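The sequence shown maps to residues 57 to 230 in this note's numbering.
The beta carbon of each residue, even a glycine, is placed where N, CA and C say it ideally should be.
Quick caveat, the model's predicted, so the values are computed rather than measured.
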Amino acid sequence: MERAQTQRQDVPRSGTYTVDTEASAVRFRTRAVFGLFPVRGTFTLARGSVVVAEPAEASTVDAVIRADSFDSGLGRRDDHVRSGDYLDAARHPEIVFRGTGLRRTGGGGVLHGRLTVRGAGAPVDVEITEVVAEGRWLTARGTATVDRYAFGVTKARGMTGRRLQIDLAIRASR
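The following block contains the structure:
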């Protein structure tokens, strides 16, 4: 018996894709103790959607991250980051990204958007490094740099890294 093959393409079909939160990942990297030690960890996506438009530059992305999901593997630090000193997850349970404009580049694209943390919003660009469409599935990878000071998260200047490098792996279906 012959198996049907799924066509793979670089440009997904237009439409609305729902993010599969279990198959997607948000990872971060930063530095601590005056830049001496690396800190790596994850956040959990609560929900999200990708609207692929015609033209692609009009596409949008909505993603919601659970603020209480910050996980660096060190419980005491994680609890502190979730506290009012940093994310204030009890009062601001969601970190929201709204991408509203795609600019194509040679090897991918840049998704311009707005990130809201602790009720404060600031522009954040996501460099799209890979997009693969297979059947009803869309897989995308990207990176972003987030300056925590832009959101009023300024506790422990120097001790805690100012910028976080974010690595995204998103899987969504139509």
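What is the DSSP secondary structure of residue i, counted as helix, strand or coil?
i	result
Val89	coil
His168	strand
Asp134	helix
Glu113	helix
Gly217	coil
Met57	Low local confidence applies: a pLDDT of 38 at Met57 is under 50, so the model's placement there is unreliable, with the coordinate-based value given in what follows. Coil.
Phe79	Checking the displayed sequence, the identity of residue 79 turns out to be Ala instead of Phe. Ala79 falls in the coil class under three-state DSSP.
Arg122	strand
Arg204	helix
Tyr73	strand
Ala225	strand
To the nearest angstrom, how far is the alpha carbon of residue i from that of residue j?
i	j	result
Asp135	Pro111	43 Å
Arg174	Tyr205	12 Å
Ala200	Thr185	11 Å
Asp127	Val67	33 Å
Arg132	Arg138	10 Å
Ala212	Ala225	30 Å
Leu101	Thr156	19 Å
Gly198	Ala228	14 Å
Gly71	Arg230	7 Å
Ala176	Gln221	19 Å
Take residue i as the anchor and find which of the options has the nearest alpha-carbon.
i	options	result
Leu130	Gly157, Ala102 and Thr98	Thr98
Gly163	Val187, Ser229, Leu171 and Pro149	Val187
His168	Asp118, Arg103 and Pro94	Asp118
Asp76	Leu92, Ser70, Val202 and Ile121	Ile121
Val108	Asp181, Val89, Thr161 and Ala196	Ala196
His148	Val209, Thr216 and Ala79	Val209
Gly217	Tyr142, Val152, Ser80 and Arg103	Tyr142
Ser105	Arg154, Leu171, Pro94 and Glu150	Arg154
Val152	Arg170, Arg83 and Ala81	Arg170
Would you please state the rounded distance, in angstroms, between the beta carbons of residue i and residue j? I believe it to be under 8 Å.
i	j	result
Glu232	Arg159	Residue 232 lies beyond the stretch modelled for the chain, which goes from 57 to 230, so this question has no answer here.
Arg96	Arg87	That pair is no contact at about 10 Å.
Ala123	Ala145	4 Å
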